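Here the structure comes first, spelled out in structure tokens, and everything after it is commentary.
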Amino acid sequence: MTKILVTSALPYANGDIHIGHLAGAYLPADIYVRFQRLKGQDIIHICGTDEHGVPITLTAEKEKKTPKEIVDYYYKRIKDSFERFGIKFDNFSRTSIPLHHRVSQQFFLKVMEKGYIYPREVEQYFCPRCQRFLPDRYITGTCPHCGFPEARGDQCEACGRWLEPTRLKEPRCKICGGVPELRKTRHWFFRLSSFQNQLKDWIETKGHWKENVKNFCSGWFKEGLEDRPITRDLKWGVKVPLAEAKEKVMYVWFDAPIGYISSTIEWAERIGQPEKWKEYWCDKDTRLIHFIGKDNIVFHALVWPAMLMAHGEFILPADIPANEFLNLEGKPMSTSRGWAVWLPEYLEEFDPDPLRYSIAINAPQTRDADFSWKDFRRRNNDELADILGNFVNRTLKFIVNNYRGNVPAVGLIDHTGKEVITQIRSVGKRVESLLERFDIKQALREAMGLAQLGNQYFDHQKPWSTHHSNPLACEQTIHVCTKIISALSIILEPFLPFTSEKIRKMLRLDRISWDDLNDPKVPATIGEVAPLYPKLEPERVELQLNKIRERAQMSKPKEIDIEYFSGVEIRIGRIISAEMVAGSDRLIRMEVSFGDFKRTAVAGIGSHYRPEELVGKKAPFVTNLKPVKIRGILSEVMILAADYPGGIKILIPDGDPPEGAKIK
RNA sequence: GGCGGCGUAGCUCAGUUGGCAGAGCAGGAGAAUCAUAAUCUUCGUGUCAGGGGUUCGAAUCCCUUCGCCGCCA
680 MTKILVTSAL PYANGDIHIG HLAGAYLPAD IYVRFQRLKG QDIIHICGTD EHGVPITLTA
740 EKEKKTPKEI VDYYYKRIKD SFERFGIKFD NFSRTSIPLH HRVSQQFFLK VMEKGYIYPR
800 EVEQYFCPRC QRFLPDRYIT GTCPHCGFPE ARGDQCEACG RWLEPTRLKE PRCKICGGVP
860 ELRKTRHWFF RLSSFQNQLK DWIETKGHWK ENVKNFCSGW FKEGLEDRPI TRDLKWGVKV
920 PLAEAKEKVM YVWFDAPIGY ISSTIEWAER IGQPEKWKEY WCDKDTRLIH FIGKDNIVFH
980 ALVWPAMLMA HGEFILPADI PANEFLNLEG KPMSTSRGWA VWLPEYLEEF DPDPLRYSIA
1040 INAPQTRDAD FSWKDFRRRN NDELADILGN FVNRTLKFIV NNYRGNVPAV GLIDHTGKEV
1100 ITQIRSVGKR VESLLERFDI KQALREAMGL AQLGNQYFDH QKPWSTHHSN PLACEQTIHV
1160 CTKIISALSI ILEPFLPFTS EKIRKMLRLD RISWDDLNDP KVPATIGEVA PLYPKLEPER
1220 VELQLNKIRE RAQMSKPKEI DIEYFSGVEI RIGRIISAEM VAGSDRLIRM EVSFGDFKRT
1280 AVAGIGSHYR PEELVGKKAP FVTNLKPVKI RGILSEVMIL AADYPGGIKI LIPDGDPPEG
1340 AKIK
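Position in the first sequence (first residue = 1) + 679 = the numbering used here.
Written as structure tokens, this is what we have:
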């Protein structure tokens, strides 16, 4: 049998999963895998967190933690929220485990052995204060074209021109503000350029791939593929397995996709068949499918296949169903601006299936789509509760009320009933072929059509009336309706697994398979009946809408007027003494003179200043803050300092203003 | 700036290789009372963003303007 290996993009362990991620990769993948599994296919779903790279080290610094602490935290949260949302993986690994490091290193060495990795001297900015080489976008300076003083190392945002960091005038480290210096360093490059033709030929055989994927690739072929550096001067990551590169790690984009392989190996070991991963990665008959969002297309359709070609022992992707983006309330999602719906937060308030439904029925398959809370509520109430939930409920309640919970058995089914059963089969067939093409949106519409069909049939047959006038006909109707419910529990399982489970409980069905759609099983008696979905009041979703609006507002500082500002009293103070607060490695206690009076300050700047450095310095202090006790010491004034990832700098006045001078 | 995408009914979205513009919701009318007042039937609606071109025929292909979005290793 053809095996299927499905991967979902490795989420970056630097934040929670939000609905955009779900729509882009994880939900479509989960639906596809659940469907294939119901069909009895040999399929596994592999994923894990991507835990290396500079952004994680920066988050760690910002939160005064180690990178390990950051990734441990998010690994747990991400894994947990996937589980609660019903996204099922056969293995959910992480790229920081030793197994992954080993596999990545072997991969590296193998590709190097084949001649596709080579070292090259490059000049890069190094920040002596941060003690590290700076990625392009962490350098700012004056743009040589337009004179914009805050241009980024890779591009000037004012005039839009591309830049090399070395061309910036007065370069500065974006992290600490220090002056970086050019240093020679050696990096290893992947010979991507030599795969251009091979990749082109390969993609031409993929006529069935989605338009957006092919489009992206052709753009890149036009530009021409260039070799890419695959090492970094960083401590956090997979060590480069070369004696001459002891201090380097792999660039995160290189080791991350190898995570698909190492996660599969971890899975094989876990189930006690350590060689089994090869059946998926090394067998030409296995279909490798990568589910990703559109931001990942170039990588999965070009760079990663080139890496696999270079390595030579693994299969290439058979399909890359990439989705577009999901907007939120009409605006693109933005984690930094707080404009997103995060999964852990959602799950505190609602059940998984309504969101699975909302996303799947309006999936961004061919273009960006929009998620709104209003629409979410409507989908839940008008579609899930009213059409699907009500059909199940009215039928089963009817059985309870009129047949004491025993499903009527029937010897014969009349023409109309048979027609319905034929319809079930053809809906099954259509859903099947739509899902094979990854068209989950249309597939779900078709599946829901079955509930609608049920309501129509129920209405036309009028069992509430035939129950008295023609009991046999009534029994038939209810029997057929129960068949429809049974079919719904199968056909909806990939999309709404929790709903499917509830229905199966009510119908006392323990095992289901896609083939059962040919003649859905009907139980003799039913279990306890309860409505499938509670209706959502408008307030429930308005609350959510307000939450994201407020958050977006907060990330933008509020405008204040001059009166408001003049309410803050800031004066120049001279630090007359300073000492570490006992039992703390960050707090410094200072006595500050403002000429006429003295005050005590406790400030969390000890990670970047030694007390003796501070004594004698003049700096601005807020002098009318409400005093607070910190570690038992009353802090009466607050020192002003620049606080940014990687550093804290107190402000020193220009010249020598007198103690106590007011700042306006 | 360059490249790419998008613009279809009041709203959210489908529209295969060019072949009479579609669905759901909202809105109007009716039927039914088993069911979470939940269902079912039925009705209207479009400068397919604007302009130009190719074609017997364009929402679809080409050019252009406007608007929105993304990417730029």
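No residue lacks a Cβ here, since even glycine has one placed at the ideal position from N, Cα and C.
Computed from a predicted structure; not experimentally measured.
- Taking Phe1177 as the centre and dropping the five residues before and after it, the same chain places the C-beta of Gly765, Asp1030, Pro1031 and Asp1032 closer than 7 Å to its C-beta, in chain order.
- Beyond the five residues adjoining it in sequence on each side, Tyr705 comes within less than 6 Å, by CB distance, of Ser687 and Ile766 in the same chain, given in chain order.
- Counting C-beta atoms within 10 angstroms of its own C-beta, Ser1037 has 16 or more neighbours from the protein chains shown and is therefore classed as buried.
- Pairing Leu1330 with Ala935 gives a Cβ-Cβ distance that is not under 8 Å.
- Contact between Asn1006 and Phe1050 is confirmed by a C-beta separation of about 7 Å, below the 8 Å threshold.
- With a contact defined as Cβ atoms closer than 8 Å, Glu1172 and Arg713 qualify at about 6 Å.
- The C-beta distance from Thr774 to Gly938 rounds to 5 Å, short enough to meet the 8 Å contact threshold.
- Scanning the region 915-965 from its first residue to its last, the whole alpha helix (DSSP H) runs of 4-plus residues come out as 931-949 and 956-960.
- When the alpha-carbon of Ala997 is set against those of Gln875, Thr1095, Lys918 and Leu967, the nearest one is in Leu967.
- C-alpha of Asn1059 to C-alpha of Asp964: approximately 41 Å in a straight line.
- Scanning Lys853, Lys1214, Phe993 and Lys1120 for the CA closest to the CA of Thr1045 turns up Lys1120.
- Remark: C-beta atoms of Ile909 and Trp867 approach each other more closely than 8 Å.
- Within its own chain, the residues whose Cβ lies closer than 7 Å to the Cβ of Lys1053, once the five positions on either side in sequence are excluded, are Val1220, listed in chain order.
- Between Ile994 and Cys961, the beta carbon gap of about 7 Å places them in contact (Cβ cut-off 8 Å).
- By the beta-carbon neighbour count (other beta carbons within 10 angstroms, threshold 16), Ile950 is exposed.
- Annotated as proximal: Val1271 and Ile1255, with beta-carbon spacing under 8 Å.
- Going by beta carbons, Ile1205 and Leu1075 fall inside the 8 Å limit.
- Classified as exposed, Asp1275 has fewer than 16 neighbouring CB atoms from the shown chains inside 10 Å of its CB.
- Rounded to the nearest whole angstrom, the CA to CA distance from Asp759 to Val685 is 20 Å.
- Between Val750 and Ala708, the CB-CB gap reaches or exceeds 8 Å.
- The residue among Gly856, Val1020 and Ile683 with its C-alpha nearest the C-alpha of Arg1228 is Val1020.
- DSSP places Ser1168 in the uninterrupted alpha helix (DSSP H) bounded by Pro1150 to Ile1170.
- Ranking Leu1188, Met1233 and Ile976 by CA distance to the CA of Ile999 puts Ile976 first.
- Sorting Val931, Lys914, Phe970 and Trp881 by C-alpha distance to the C-alpha of Leu981 places Trp881 at the top.
- Scanning its chain for C-beta atoms nearer than 6 Å, with the 5 sequence neighbours on each side dropped, one finds around Arg808 the residues Cys855 and Gly857, in chain order.
- By the criterion of at least three beta-carbon pairs nearer than 8 Å, the region 1136-1153 is not in contact with the region 1109-1124.
- Residue pairing for Glu800: DSSP places it in a beta bridge opposite Arg865.
- Lys863 is classed as exposed because its beta carbon has fewer than 16 other beta carbons within 10 Å across all chains shown.
- Counted as a single uninterrupted DSSP element, the alpha helix (DSSP H) harbouring His780 occupies residues Pro777 to Glu792.
- Looking from the CA of Asp769, the closest CA among Trp1018, Thr821, Glu948 and Lys848 belongs to Glu948.
- A straight-line Cα-Cα distance of about 38 Å links Arg1289 and Thr728.
- In the structure shown, Ser1037 falls within a helical segment according to DSSP collapsed to helix, strand and coil.
- From the listed residues Gly903, Trp956 and Trp932, the smallest Cα separation to Asp721 is found for Trp956.
- Secondary structure of Thr1204 (DSSP, three-state): strand.
- Around the C-beta of Phe874, 16 or more other C-beta atoms lie within 10 Å, and the residue is accordingly described as buried.
- Here Ile1267 is actually not in contact with Ile1251; their C-beta atoms are around 19 Å apart, not less than 8 Å.
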